[in-house]
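4 protein chains.
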Amino acid sequence: MPPPAIVVPPGAATIEVAMRWSDMDAYGHVNNVQYLRYLEEARVYAFHLWFGQERSLLEDGVLVARTEIDYLAPMTFNYQPALVRLWCSAISGASFDISYVVGQVGTDVTYAQAESTLVTYDLTAARPRRIVDHERQAMESVLGEPLLLRSHKERRREH
Amino acid sequence: MPPPAIVVPPGAATIEVAMRWSDMDAYGHVNNVQYLRYLEEARVYAFHLWFGQERSLLEDGVLVARTEIDYLAPMTFNYQPALVRLWCSAISGASFDISYVVGQVGTDVTYAQAESTLVTYDLTAARPRRIVDHERQAMESVLGEPLLLRSHKERRREH
Amino acid sequence: MPPPAIVVPPGAATIEVAMRWSDMDAYGHVNNVQYLRYLEEARVYAFHLWFGQERSLLEDGVLVARTEIDYLAPMTFNYQPALVRLWCSAISGASFDISYVVGQVGTDVTYAQAESTLVTYDLTAARPRRIVDHERQAMESVLGEPLLLRSHKERRREH
Amino acid sequence: MPPPAIVVPPGAATIEVAMRWSDMDAYGHVNNVQYLRYLEEARVYAFHLWFGQERSLLEDGVLVARTEIDYLAPMTFNYQPALVRLWCSAISGASFDISYVVGQVGTDVTYAQAESTLVTYDLTAARPRRIVDHERQAMESVLGEPLLLRSHKERRREH
C-alpha cells in the first residue's frame, strides 16, 4: 500500500531526538516501545518551546490520557537524530490532542504517525481542571489538522 | 467518571509482569511509555503459551503495526507484579488484533486498556504474508470481543 | 580461563529478577547496562527484606557511590528469571558495600559479579550521615566476604 | 571531601549525549544505571570517530568485560546534553581500557568518572583474539593516564 499522504501544518514544532544505540532490540530495529519514548521526549521539548517560562506549571498539571501510534516503517540506529514534528490537533475544555509524525534527519521516510490526548489536571485537588487562558493561547498558535490514523480510516469506512 | 465496564473473555491469557522500581519516572508513577513495555512483555509470554513450539517461527514473522492505549489510573511501583490479561479481538487475512487489560495482583483497579494490530510478515521476502493455519487456530482459540476504547467511543458518538 | 571460584555466604539474599525480552540489545544478548538494572532491582527487594518496615526510611537516606561489575558470560532472554544473590561485604561509619552474583534459575552459570558502595545520607541536610543502629544490625546479619573482582586481582598482583 | 583532580588527556574524545527526561527516576535525579547508558552511547560515537570505516568490524569483535563507576554528584534532566570525555587508558595484547569523565554542557561539575575494560573477541571462533594493528594504532592515538578511581585509592592506601 502507498504511504498515507501526511500533511504537517506550518505551526508544527520540529524536534530532533537523538537516537541511542540501545533503542534497538534483538531484531536490530528501534524497538516499538521506544518510538513512544521519542514522542515523550519531543513533547517535553515542544512544551518548553510552546509554554516557555510557564512550562513547569503546565507540566505539573497535564496527564497523558491516551496514545495511538501507527508504525509505518522500521527504523535502525543512526548517528543522525530522529525528527519528530508535532502540533495541537484538537482543543476542548479540559483536554487537548497532540499529533506527531516521526521521521529522521537526512531522509523523507515517515516511520510512524501518532496522536495523544492530554488532560489538564489539578494535581493538588487530584482531578481534571479546565484549560487556562495561556495554555489555550499556546495550543491555538500551533493548531493543525488531525492525522488520518489507521483507526480513523476504519471509522471512515464504517460510515 | 466511572471506569468503563471491561469484559475479559474466558479464553484470555493472564500474564504476571514483574514491575521494576525504575519503571517509575520523576513523577513517582509508572511512566506512560513503560505501560507499553508491560504489553510487550505480556505478548511475548502469551505467544509462547498460545503458539508453543511454533512460537519462534511466528515471532520471526509478526510485526506490530499499531498500538492504542487508554490510561485509566496512575500506577506506582509495587512488590506485587502487574497483571496483563490479553486475547485476540479480530482476525483478518494477514493481521490480527490483540486486546489488553492492565491490572495488578491484589487489586481490582484497571490501570489501562489497549489494543495492538499485528501483521503476519514474510521476513525473507520482506512483505506481508497470509496467516497460516496453526496461527489462525491459535488465535481463534483465544478470540474475544474488542474493548471499547476511548477512540471507539468517539466513533460511536459520531454515528 | 576457568571461572573464578565464587563463595556466596549463607546469609546472602537470593532474589529472582524477571528478565524482559527488551533487555536484549541488537547483539541478541542482555545489554551490559541492563545487568546493573538487575542489581538495582535485587537491591530494592533485598532492602525490603533486610530493613522491613524501616525500609522507606533507609531507602530515602542511602545513595549509590560506586559500582563495579565483571561480565563473565553473555546472557540471553529466558522465560526463567535471573537470580541475584547479594550480601553486605563491608561496613564502615557512613557507608557499606553490597556484593552481588548474577545467575539464572535452572543453570549454574555465573553471568556477572559486582560490588556497590552505598553511603548513608541525610537528605534534609544534604550530607553524608552515620549509619544508625538498626541499619548496622541489618547489615551485620547478612555480612560475608567480598568477591575477588578483576580489579582486586590486579591489585593483588601488584603487591 | 574535595572532588578529585581529574586530568583529561588532550587526545580524549568529547561526546555530547542528549539527556532524556525519562532518564530520571522517582528521586527526580538521573538514575544511577542510566549513567552507564551515557557511557555506552559515548563509546558508540567515539568508536565511530576513532575507528572510522573499520568501526563495524571492530564493533563486532569487542566485548565489555568490566565497568567501574564512581558517582560524584547527582544529575537532573537538562535541555543541555551530558558531555562525556573518554580516552584509552591502557592497552594489552587482547584488551584495552577506556576511561570516562561525565559532565554537562554549560557547567564545570563532574558527575561521574568511570573505567571499562574491553576485550577484543573473535565472534566466529567465540574466543578472545589479539588486538589487530589498526585497532592498536587508533587506541595509541587517544592514549592517556587512567583515572584515580575510588577503588584505586583504596589500593594505594593498602601499600
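Protein chains in written order, with my numbering: chain Y, 1275 to 1433; chain B, 1275 to 1433; chain H, 1275 to 1433; chain G, 1275 to 1433. Idealized CB from N, CA, C, for every residue including glycine.
Of all residues in the segment 1277-1292 of chain Y, only VAL1291 and ALA1292 come within less than 8 angstroms of chain G when Cβ atoms are compared, listed by chain position. Taking the C-beta atoms as reference points, Y:TYR1345 is found no nearer than 8 angstroms to B:ALA1386. In its chain, beyond the 5 residues on either side, VAL1336, LEU1337, VAL1338, ALA1339, SER1369, PHE1370, ASP1371 and ILE1372 have a beta carbon closer than 8 angstroms to the beta carbon of G:LEU1392. Within the segment 1375-1432 of chain Y, the complete beta strand (DSSP E) segments at least 3 residues long are 1386-1396, listed from N- to C-terminus.
Note that the C-beta distance between H:VAL1291 and H:PRO1355 is below 8 angstroms.
The C-beta distance from G:ARG1359 to G:THR1288 rounds to 5 angstroms, short enough to fall under 8 angstroms. When C-beta atoms of the segment 1372-1381 of chain B are compared with those of the segment 1300-1319 of chain B, three or more pairs fall below 8 angstroms, so the two segments count as touching. Taken atom to atom, the span from the alpha-carbon of B:HIS1426 to that of Y:GLU1342 is near 12 angstroms.
By the CB criterion at 8 angstroms, H:GLU1419 and H:PRO1283 fall inside the cutoff. With the criterion set as a beta carbon lying under 8 angstroms from some beta carbon of chain Y, the members of the segment 1365-1394 of chain B are THR1391, in sequence order.
Using beta-carbon distances, Y:ALA1356 does not count as an interface residue toward chain H, since no partner is under 8 angstroms. For Y:ASP1297, not one C-beta of chain B is nearer than 8 angstroms to its own C-beta. Annotated three-state conformation of G:ASP1344 is strand, per DSSP.
Listed in chain order, the non-local C-beta contacts of H:ASP1299 below 7 angstroms within the same chain comprise ASN1305, local neighbours out to five positions each way being set aside. Inter-residue distance for Y:LEU1357 and Y:GLY1377 is about 5 angstroms (C-alpha atoms, whole angstroms).
Nearest to Y:LEU1417 by alpha-carbon distance, out of Y:THR1384, Y:SER1390 and Y:SER1363, is Y:SER1363. B:SER1296 sits away from H:ARG1294, with the two beta carbons spaced by 8 angstroms or more. Assigned with DSSP and collapsed to three states, B:ASP1371 falls in strand.
Within chain G, the residues whose beta carbon sits less than 8 angstroms from that of H:ARG1424 are ALA1339, ARG1340 and THR1391, listed in sequence order.
Not flagged as an interface residue toward chain B: Y:ILE1405, since no C-beta distance is shorter than 8 angstroms. The C-alpha of H:LEU1421 is placed about 17 angstroms away from the C-alpha of H:GLU1414. In this structure, the beta-carbon distance from Y:LEU1313 to Y:ALA1399 does not fall below 8 angstroms.
For Y:ALA1320, there is no enclosing beta strand (DSSP E); the enclosing alpha helix (DSSP H) has its first and last residue at 1306-1325.
Per DSSP, H:THR1350 has no beta bridge partner at all. In the three-state DSSP reduction, H:SER1366 falls in the coil class, being neither helix nor strand.
Contacts with chain H at 8 angstroms (Cβ-Cβ) do not include B:ARG1359. By alpha-carbon distance to G:SER1366, the top candidate from G:VAL1406, G:LEU1397 and G:LEU1423 is G:VAL1406. Between B:ALA1286 and B:GLN1411, the alpha-carbon positions lie close to 15 angstroms from each other. Annotation: B:TYR1309 to B:HIS1303 spans about 11 angstroms, alpha carbon to alpha carbon. For G:LEU1397 and H:THR1394, the gap between their C-alpha atoms comes out near 43 angstroms. Taking a C-beta distance under 8 angstroms as the contact criterion, G:THR1384 and G:ILE1280 qualify as a contact pair.
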